[in-house]
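Working notes for the structure below.
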Amino acid sequence: AVVTGEIDLAASVTGTRGDANALLAEIEGIGLDPDRGGYTRPVFSPAELRLRSWFAAHAAARGLTVDTDRNGVIWAWWDVPGPSDSGAPAPVRRDVIVTGSHLDSVPGGGNFDGPLGVASALAAVDLLRDRGVRPVRPLAVAVFPEEEGSRFGIACLGSRLLAGAVAPERVHALVDDSGSTFDEVAAGAGFDASGIGPDPDRLGDISAFVELHVEQGRGLVDLDQPVALAGAIIAHGRWHLRIEGRGDHAGATRMADRSDPVVVASEAIRSVRQRALAVDDARGTVGRIKVVPGGTNVIASAVDLWIDVRHRSEEQVHLIVEQVVADARRAAEAEDCTLAVTEQSFSPTVSFDPELRDRMQAVLPGAPVLDTGAGHDAGVLASSISTGMLFVRNPSGASHTPAESAEPADVAAGVDALADVLEHLLTR
Ligand code: HGY
Ligand code: MN
Ligand code: MN
Ligand code: MN
Numbered sequence: 005a006v007v008t009g010e011i012d013l014a015a016s017v018t019g020t021r022g023d024a025n026a027l028l029a030e031i032e033g034i035g036l037d038p039d040r041g042g043y044t045r046p047v048f049s050p051a052e053l054r055l056r057s058w059f060a061a062h063a064a065a066r067g068l069t070v071d072t073d074r075n076g077v078i079w080a081w082w083d084v085p086g087p088s089d090s091g092a093p094a095p096v097r098r099d100v101i102v103t104g105s106h107l108d109s110v111p112g113g114g115n116f117d118g119p120l121g122v123a124s125a126l127a128a129v130d131l132l133r134d135r136g137v138r139p140v141r142p143l144a145v146a147v148f149p150e151e152e153g154s155r156f157g158i159a160c161l162g163s164r165l166l167a168g169a170v171a172p173e174r175v176h177a178l179v180d181d182s183g184s185t186f187d188e189v190a191a192g193a194g195f196d197a198s199g200i201g202p203d204p205d206r207l208g209d210i211s212a213f214v215e216l217h218v219e220q221g222r223g224l225v226d227l228d229q230p231v232a233l234a235g236a237i238i239a240h241g242r243w244h245l246r247i248e249g250r251g252d253h254a255g256a257t258r259m260a261d262r263s264d265p266v267v268v269a270s271e272a273i274r275s276v277r278q279r280a281l282a283v284d285d286a287r288g289t290v291g292r293i294k295v296v297p298g299g300t301n302v303i304a305s306a307v308d309l310w311i312d313v314r315h316r317s318e319e320q321v322h323l324i325v326e327q328v329v330a331d332a333r334r335a336a337e338a339e340d341c342t343l344a345v346t347e348q349s350f351s352p353t354v355s356f357d358p359e360l361r362d363r364m365q366a367v368l369p370g371a372p373v374l375d376t377g378a379g380h381d382a383g384v385l386a387s388s389i390s391t392g393m394l395f396v397r398n399p400s401g402a403s404h405t406p407a408e409s410a411e412p413a414d415v416a417a418g419v420d421a422l423a424d425v426l427e428h429l430l431t432r
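Sequence positions in the sequence shown follow UniProt numbering and run 5 to 432.
And the structure:
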């Protein structure tokens, strides 16, 4: 049932019980992007809001108590922590188990990056109920906003706010491509952003957070396995380069009289490729560039470009960025342009909690452990709480593209694995 209008929830909950494939099929029609292909579901866009309400409806229909916190993170509780009406005491610290992921996407992304973890969490709750599991502690399914950072530039914005890893005043000052501020966009989505900020109490109650995610790579394909545990996330960051020159007429301006920021940008892009190639297994990307004003017969007055650099060593990431900036600065001086560089977000190398990973390995003895080049909310939260991840095989190995894929049998294997891990964590 493609979700065009409101879904027939009763039929949907029955039809999707324990079945992440069926849940994903329901949202296949939301946020399709005919120009780019794939899905474009920026945070708080109509498409992402449809997914958020789809999730909340399915969670509520499963008897979970749904609440959205001060940072726009949706929490769906099985046994809400806190003094229940029976007067039971609030949970002891570090008593809550959380699973979940995100629903926003990159421009032209796949339907699995994010939604697979959310759908699998709902399906895993169904399986735990079917197994008659009686949790001894609360479980929440969480949906984090702006994981991709595609609208406001900061990756994992929701989990960074929750963990106090980004200053609220910085977030209030963010604007999207249309010039709308974070608060304006949030208000348009019915969310009051005035209270964004760290939530140490909520974090302090969490014993473990396990995120299931489609693998963004070919590790499981090469190993011919359906599910893996995450070992580490390599360090990664993104920087904004603003190059300003002198706009002028393409035909009336002699070559010797130009300060063309696009020429400087081309040197910066070349440098990202060369400097990353020079370091073993580094990754350097420029996927987004804006030429101002952007006319064919107009010498640009400015260029905005963003670089994404990743490596297992955070020192190497910073070294590569320093080299790129030095190259770009030389090119800017030669072209009589200015260059401003702003770090947008940075995540150090993350090694997931080995104790939790060992417990997960004991539950899933056959599962390999894979590192990843992709960032996740679980990686951001790893500095504050015990986190782990499960990856589900992606036959294409590709992600952030419509080619991203996951076979139904592997999706089901991922749900089983998540349910096994959650059962272990919820009953001990
Ligand atoms: O960019 C990443 O690594 C993640 O997919 N957000
Ligand atoms: Mn992604
Ligand atoms: Mn993701
Ligand atoms: Mn003209």
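Think of the CB as a built atom: it goes at the ideal place given N, C-alpha and C, for glycine as much as any other residue.
Query raised in the report: Does at least one heavy atom of ligand 3 sit under 7 Å from the Cβ of E151?
Result: Taking the first residue of the sequence shown as 1, we reach residue 151 at position 147. Distances from the CB of E151 to the heavy atoms of ligand 3 include at least one below 7 Å.
Query raised in the report: Is V218 near ligand 2, judged by its Cβ being under 7 Å from some heavy atom?
Result: The residue you call residue 218 lines up with position 214 of the sequence shown. V218: no, Cβ never under 7 Å from ligand 2.
Query raised in the report: Quick one: is P297 buried, meaning 16 or more other Cβ sit within 10 Å of its Cβ, or exposed?
Result: Position 293 of the sequence shown, counted from the start, is the residue given in the question as residue 297. With fewer than 16 other CB atoms across the displayed protein chains lying within 10 angstroms of its CB, P297 is exposed.
Query raised in the report: What separation, rounded to the nearest whole angstrom, lies between the Cα atoms of H428 and T103?
Result: For the purposes of this step, residue 428 is taken as the residue at position 424 of the sequence shown. For the purposes of this step, residue 103 is taken as the residue at position 99 of the sequence shown. C-alpha of H428 to C-alpha of T103: approximately 13 Å in a straight line.
Requested in this report: Just grab the DSSP bridge partners of F350 for me.
Outcome: Taking the first residue of the sequence shown as 1, we reach residue 350 at position 346. Answer is G241.
Query - Proximity test, V110 beta-carbon vs ligand 6 heavy atom, cut-off 7 Å - result: You won't find ligand 6 in this model; what it holds is ligand 1, ligand 2, ligand 3 and ligand 4.
Query - 8 Å Cβ cutoff met for F153 and S403 - result: Residue mapping note: residue 153 aligns to position 149 of the sequence shown, counting from 1. Residue mapping note: residue 403 aligns to position 399 of the sequence shown, counting from 1. Before going further, note that residue 153 is Gly rather than Phe in the sequence given. No, the pair does not count as a contact, with Cβ atoms beyond the cut-off.
Query - E215 - containing beta strand (DSSP E), residue span - result: To locate residue 215, count along the sequence shown from 1; it is residue 211. E215 -> beta strand (DSSP E) spans I210 to V218.
**Report entry** Residue of R287, T405 and S305 minimising C-alpha distance to Q320
**Finding:** One-based indexing of the sequence shown puts residue 320 at position 316. Of the listed residues, the one whose Cα sits closest to Q320 is R287.
Report task. Determine the extent of the alpha helix (DSSP H) in which M364 is found, giving its start and end residues. Result -> The residue labelled residue 364 in the question sits at position 360 within the sequence shown. For M364, the enclosing alpha helix (DSSP H) covers residues P358 to V367.
Requested in this report: Classify L380 as helix, strand or coil using the three-state DSSP reduction.
Outcome: Here residue 380 corresponds to residue number 376 of the sequence shown, with the count starting at 1. Checking the sequence shown, residue 380 turns out to be His, not Leu. The DSSP-derived three-state label of H380 is coil.
Report task. Inspect the CB distances between the segment 311-320 and the segment 198-206 and report whether three or more fall short of 8 Å. Result -> No: the two stretches stay apart, fewer than three of their Cβ pairs being nearer than 8 Å.
Query raised in the report: Distance, Cα to Cα, R97 vs A144?
Result: What you label residue 97 is simply residue 93 of the sequence shown in a count that begins at 1. What you label residue 144 is simply residue 140 of the sequence shown in a count that begins at 1. Just so you know, the alpha carbons of R97 and A144 end up roughly 15 Å apart.
Query raised in the report: What residue range is occupied by the uninterrupted beta strand (DSSP E) comprising S163?
Result: In the sequence shown, the residue the question calls residue 163 occupies position 159. Element bounds for S163: not the beta strand (DSSP E) but the alpha helix (DSSP H), L161 to A167.
Query raised in the report: Out of H380, G113, A386 and E359, which has the shortest C-alpha to C-alpha gap to residue 3?
Result: Nothing in the structure corresponds to residue 3, since the chain is present only between 5 and 432.
**Report entry** Span of the beta strand (DSSP E), counted from its first residue to its last, around F395
**Finding:** The count along the sequence shown starts at 1 and reaches residue 395 at position 391. Where F395 is concerned, the enclosing beta strand (DSSP E) stretches over T391 to V396.
Query raised in the report: Should T44 be labelled buried (16 or more other beta-carbon atoms within 10 Å of its own) or exposed?
Result: If you number the sequence shown from 1, residue 44 lands on position 40. Buried, because 16 or more other Cβ atoms sit within 10 Å of the Cβ of T44.
Requested in this report: State the Cα-Cα distance for the pair residue 468 and L161, rounded to the nearest angstrom.
Outcome: Since the first residue of the chain shown is 5 and the last is 432, residue 468 is not available in this structure.
Query raised in the report: Taking H240 as the reference, which of L165, P369 and G377 has the closest Cα?
Result: For this step, residue 240 is matched to residue 236 along the sequence shown. Distances from the alpha-carbon of H240 to those of L165, P369 and G377 put G377 closest.
Query - Cβ-Cβ separation, G249 to S270 (assumed contact under 8 Å), whole Å - result: Taking the sequence shown and counting its residues from 1, the one referred to as residue 270 is at position 266. Taking the sequence shown and counting its residues from 1, the one referred to as residue 249 is at position 245. About 12 Å separates the beta carbon of S270 from that of G249, a gap too long to meet the 8 Å contact definition.
**Report entry** Rounded C-alpha distance that separates L53 from A212
**Finding:** Against the sequence shown, residue 53 aligns to sequence position 49. Against the sequence shown, residue 212 aligns to sequence position 208. Here the alpha carbon of L53 sits roughly 27 Å from the alpha carbon of A212.
Query raised in the report: Closer than 7 Å: is that where the CB of G379 sits relative to any heavy atom of ligand 1?
Result: As a first step, residue 379 must be located in the sequence shown, where it is residue number 375. Relative to ligand 1, the beta carbon of G379 is positioned inside 7 Å of a heavy atom.
Query - Exposure of T20, with buried meaning 16 or more beta-carbon neighbours within 10 Å - result: Within the sequence shown, the letter at position 16 stands for residue 20. Looking at its Cβ environment, which holds 16 or more other Cβ atoms inside 10 Å, T20 is buried.
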